[in-house]
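The listed protein sequences derive, respectively, from chains H and W. End of the first sequence sits at 114 in the working numbering; the numbers just go up one at a time, nothing left out. End of the second sequence sits at 1112 in the working numbering; the numbers just go up one at a time, nothing left out. Positions of the beta carbon are idealized from the N, C-alpha and C atoms, including for glycine. These numbers come from a predicted model, not from an experiment.
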Amino acid sequence: AQSVTQLDSQVPVFEEAPVELRCNYSSSVSVYLFWYVQYPNQGLQLLLKYLSGSTLVKGINGFEAEFNKSQTSFHLRKPSVHISDTAEYFCAVRPYSSASKIIFGSGTRLSIRP
Amino acid sequence: NAGVTQTPKFRILKIGQSMTLQCTQDMNHNYMYWYRQDPGMGLKLIYYSVGAGITDKGEVPNGYNVSRSTTEDFPLRLELAAPSQTSVYFCASSYDDIGEQYFGPGTRLTVT
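Dropping the structure here:
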């Protein structure tokens, strides 16, 4: 079985400051890893995904994430945030073998202060 | 392309009533999914489909049914609504099982 832990339920950050949203997972099998963003009253949108290869993954809107297999982490980072980044961010994992077993974390609410 | 559309946007049901949440995609995607999102929680997969005529259970299928008679449509049926089914329901689709999932805007359902 897989599980996902997003360590911070809320992260307040000043505009133009860097941010890191943390995600740890556990799994007995190899997994794909995803970060999704949810803007208020909208569905989720894919930010980036790790399937294989380079452990540093770049996504949309200037976000990137690094897969660390030894620490079973997939933290999301952005060097300088904007007001428009205010949203909820979800980490998700899925085993190679089954689309039905995707597991989402409980989310991190990113709030940007001017 | 409209992407993934869901109807209705909001619905209030009484306990024991039934309803169907509609989901349609116009991207010719093979895979479609239904999720529920409870307050302060991540999404949980209810059912998914890998193509017309093929459906399978996700993590939380109890109390729900689905069908996939066409590539475009993937309705979710609640037969006997219960307060525990109060949630926001999202439909999504993807071209294949590791492709990006495209989400609809959601249906907010309250059962009282």
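With a threshold of 6 Å on Cβ separation, who are the neighbours of residue i within its own chain once the five nearest residues in sequence on each side are excluded?
{"i": "H:Glu88", "result": "Gln38, Gly107 and Arg109"}
{"i": "H:Val142", "result": "No answer is possible for residue 142 of chain H: the residues shown for chain H start at 1 and end at 114."}
{"i": "W:Asp1026", "result": "Asn1001 and Ala1002"}
Would residue i and residue j qualify as a contact pair, given that the criterion is a beta-carbon distance under 8 Å?
{"i": "W:Lys1009", "j": "W:Thr1107", "result": "yes"}
{"i": "W:Thr1024", "j": "W:Ala1052", "result": "no"}
{"i": "W:Tyr1033", "j": "W:Ala1092", "result": "yes"}
{"i": "H:Glu15", "j": "H:Ile83", "result": "yes"}
{"i": "H:Val4", "j": "H:Tyr25", "result": "yes"}
{"i": "H:Tyr32", "j": "H:Arg94", "result": "yes"}
{"i": "H:Phe34", "j": "H:Lys49", "result": "yes"}
{"i": "H:Tyr96", "j": "H:Val29", "result": "yes"}
{"i": "H:Ser70", "j": "H:Thr86", "result": "no"}
If contacts are defined as beta-carbon pairs under 8 Å, then residue i and residue j qualify, I think. What distance do you get, rounded to the angstrom?
{"i": "H:Ser73", "j": "H:Cys23", "result": "6 Å"}
{"i": "H:Gly43", "j": "W:Pro1105", "result": "6 Å"}
{"i": "W:Leu1076", "j": "W:Tyr1095", "result": "21 Å between Cβ atoms; not a contact."}
{"i": "H:Leu47", "j": "H:Phe63", "result": "5 Å"}
Looking only at its own chain, which residues have a Cβ that is under 7 Å from the Cβ of residue i, when we skip the five neighbours before and after it?
{"i": "W:Ser961", "result": "Because residue 961 of chain W is not part of the residues shown, which for chain W are 1001 to 1112, the question remains open."}
Could you spell out where the beta strand (DSSP E) holding residue i opens and where it closes?
{"i": "W:Ile1046", "result": "Leu1043 to Gly1051"}
{"i": "W:Val1088", "result": "Ser1087 to Ser1094"}
{"i": "W:Arg1108", "result": "Thr1107 to Val1111"}
{"i": "H:Pro12", "result": "Gln10 to Phe14"}
{"i": "H:Tyr25", "result": "Cys23 to Ser26"}
{"i": "W:Leu1021", "result": "Met1019 to Gln1025"}
{"i": "W:Glu1061", "result": "Reading off the sequence, residue 1061 of chain W comes out as Pro, not Glu. Neither: W:Pro1061 is in no beta strand (DSSP E) and is coded neither H nor E."}
{"i": "H:Gln38", "result": "Val31 to Gln38"}
{"i": "H:Asn68", "result": "Glu64 to Asn68"}
Between which residues of its own chain and residue i is the CB-CB distance below 8 Å, once the five residues before and five after are set aside?
{"i": "W:Asp1056", "result": "Tyr1047, Tyr1048, Ser1049 and Val1050"}
Q | Contact residues within the stretch 1036-1047 of chain W, judged by C-beta distance below 8 Å to chain H | A | Gly1040, Met1041, Gly1042, Leu1043, Lys1044 and Leu1045
Q) If you measure beta-carbon to beta-carbon, which residues of the stretch 10-42 of chain H are closer than 7 Å to chain W? A) Tyr32 and Gln42
Q) What residues in the stretch 41-63 of chain H have a beta carbon less than 9 Å from any beta carbon of chain W? A) Asn41, Gln42, Gly43, Leu44, Gln45, Leu46, Lys49 and Leu51
Q) Residues in the stretch 85-108 of chain H with C-beta within 7 Å of chain W's C-beta atoms, listed in sequence order? A) Phe90, Ala99, Ser100, Ile102, Phe104, Gly105, Ser106 and Gly107
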